[in-house]
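Just below is one structure, and these are the notes that go with it.
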Amino acid sequence: MNKGKLFVITGPSGTGKGTVLKRVFEDNKELFYSVSATTRAPRPGEEHGREYLFVSKNEFEKMIGAGQLLEYAQYSGNYYGTPLRPIEEKTAAGADAVLEIELQGAVQVKKTCPDAVFIFIAPPSMEVLEQRLRNRGTEDEKHILMRLERAREECAAADRFDHIVVNDDLDTAVKELSQIILSYRK
Ligand code: ADP
Ligand code: 5GP
């Protein structure tokens, strides 16, 4: 059986990665979504094991030490990382997997999995990005500013990705991302 493909989705916080991906997954039920581990607190409505594995700093550092993460990074004061085992199992069984991770993690995956497909979800502008992040209402001012600072670094790296999808009109972005993923699948 052929190994499944790895799709890495990156983009600044508030650009709409989660919103676009939710729609793409509704239309592509056989895609495997990689549930990351994080030390950040759950937002209202988020469930352990669905959006993230919510773990303590100590637990996260144990996962690092035990080599259980494909990649990890610190972002806005917390750890985020991709558990390796589920990705290995799913892709070995032929399933395509999607990782939604920030830039430093994507750079690590590029080294260990050079055949992965790297897709950047860009906002229409920095102003719109800030507006979306603020309207979402999930972070305090300090964390909004930390996220916007990282956003500038991430947008500056967008042209290193295989594809860029601008999330202006949601339907268009969903269609574009779905078509990119489909174009690599057998
Ligand atoms: P991310 O996962 O990249 O941090 P979210 O998916 O949480 O971003 O989206 C950030 C905010 O922007 C949310 O409130 C979401 O409803 C809104 N949003 C996402 N895509 C669009 C779009 N195309 N047009 C307008 N608002 C959007
Ligand atoms: P949020 O707190 O908004 O859910 O995520 C913050 C950032 O962490 C986003 O850019 C998201 O893509 C990224 N992220 C989520 N999971 C992972 C992961 O497993 N590894 C890395 N490197 N980044 C992640």
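At position 164 of the sequence shown the residue is numbered 164 (the working numbering), and the sequence of numbers has no breaks. From the three backbone atoms N, C-alpha and C, an ideal C-beta is built for every residue, glycine too.
Those residues which DSSP pairs with residue i across a bridge
i: N78; result: Y75
i: T10; result: F120
i: A37; result: L53, G81
i: F60; result: Bridge partners of F60: none, in fact.
Whether residue i touches residue j by CB criterion (8 Å)
i: G16; j: I121; result: yes
i: K62; j: T39; result: no
i: Y33; j: V98; result: yes
i: R160; j: P12; result: no
i: T138; j: G4; result: no
i: L53; j: V35; result: yes
i: V24; j: A37; result: no
i: C113; j: L31; result: no
i: P124; j: V165; result: no
Residue interval of the alpha helix (DSSP H) (run including residue i)
i: F25; result: 17 to 27
i: L145; result: 141 to 156
i: I180; result: 170 to 184
Secondary structure of residue i, DSSP reduced to three states
i: I164; result: strand
i: V128; result: helix
i: L69; result: strand
Residue i: first and last residue of the uninterrupted beta strand (DSSP E) it sits in
i: T107; result: A small correction: the amino acid at residue 107 is Val; Thr does not occupy that position in the sequence shown. No beta strand (DSSP E) holds V107; the alpha helix (DSSP H) holding it covers 103 to 112.
i: L99; result: 97 to 100
Are the region 85 to 101 and the region 131 to 140 touching, with three or more C-beta to C-beta distances below 8 Å? Fewer than three pairs of CB atoms, one per stretch, sit closer than 8 Å, so the region 85 to 101 makes no contact with the region 131 to 140.
Count Cβ pairs between the region 68 to 75 and the region 98 to 116 that sit closer than 8 Å; are there 3 or more? The region 68 to 75 is in contact with the region 98 to 116.
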